[in-house]
Amino acid sequence: MEIKVKDIYTAALAIMHEKATEDYAQRVCPIINTLIGQSWHNSEMHDGGPHSHWQSISSLEDTLSGIDISIALSAMPYGLAAMLYLDEDPVRAGSWWDVWQEAVRDFKRSRPAEFEDIDNLYGGFGI
56 MEIKVKDIYT AALAIMHEKA TEDYAQRVCP IINTLIGQSW HNSEMHDGGP HSHWQSISSL
116 EDTLSGIDIS IALSAMPYGL AAMLYLDEDP VRAGSWWDVW QEAVRDFKRS RPAEFEDIDN
176 LYGGFGI
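Here is the structure:
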C-alpha cells in the first residue's frame, strides 16, 4: 500500500479536530521530512544502511518511501498534529508529541534484532 503525505495530513487534521488551511498545508512537507528523519530507521523496511538513505518529500501528493504503514499512519499523524498545533495550544500539542515519541520508541523495540553466531572461546564439554 502506498502512503501519500496527504493521508498523514488528513489523519493529523482529524486528531486536531481542524479543517485544512493553507497555513497548515504549507508546513506539512517540511514537518513530515523531519518526522521521516526521526523514524525511518525504526521502520521494518529499513535495511540498516547509513542515516542519510531516506528520501525527502516535497508535495502532499508524494508517496513516502522507506517508511512502513504502521509508522506512517499510526505514529506520524501525532507528530504532525503536534508540530502544526504548537502555536495554537502547546499543552495539546505536547500531549500529541508524547504519543508520537512513545510510538517511535515502541517501533524501535519491536524491530527484530539481528543475531550473530557466538564463538566458544573456552571449549568445554564435548566441544
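Sequential numbering from 56 applies to the sequence shown in the numbering used here. The beta carbon of each residue, even a glycine, is placed where N, CA and C say it ideally should be. Small disclaimer: the values here were computed from a predicted structure and weren't measured.
- By the neighbour-count criterion, in which a residue is buried when 16 or more other Cβ atoms sit within 10 angstroms of its Cβ, tyrosine 133 is buried.
- Around the beta carbon of valine 146, a 10 Å sphere encloses fewer than 16 other beta carbons of the protein chains shown; the residue is thus reported as exposed.
- Excluding the 5 residues flanking it on each side, isoleucine 70 has same chain C-beta neighbours closer than 8 Å at Pro132, Tyr133, Ala136, Trp151, in chain order.
- For aspartate 78, the closest C-alpha among the options Glu157, Ala130, Glu143 is that of Glu143.
- Rounded to the nearest whole angstrom, the CA to CA distance from serine 125 to aspartate 172 is 31 Å.
- Ranked by Cα distance from methionine 56, the options Tyr140, Leu115, Gly121 are led by Gly121.
- The beta-bridge partner set that DSSP reports for lysine 59 consists of Thr118.
- In the structure shown, isoleucine 112 falls within a coil segment according to DSSP collapsed to helix, strand and coil.
- Between lysine 61 and glutamate 116, the CB-CB gap stays under 8 Å.
- Note on geometry: alpha-carbon atoms of methionine 138 and isoleucine 86 lie some 7 Å from one another.
- For serine 94, the enclosing alpha helix (DSSP H) starts and ends at 77–94.
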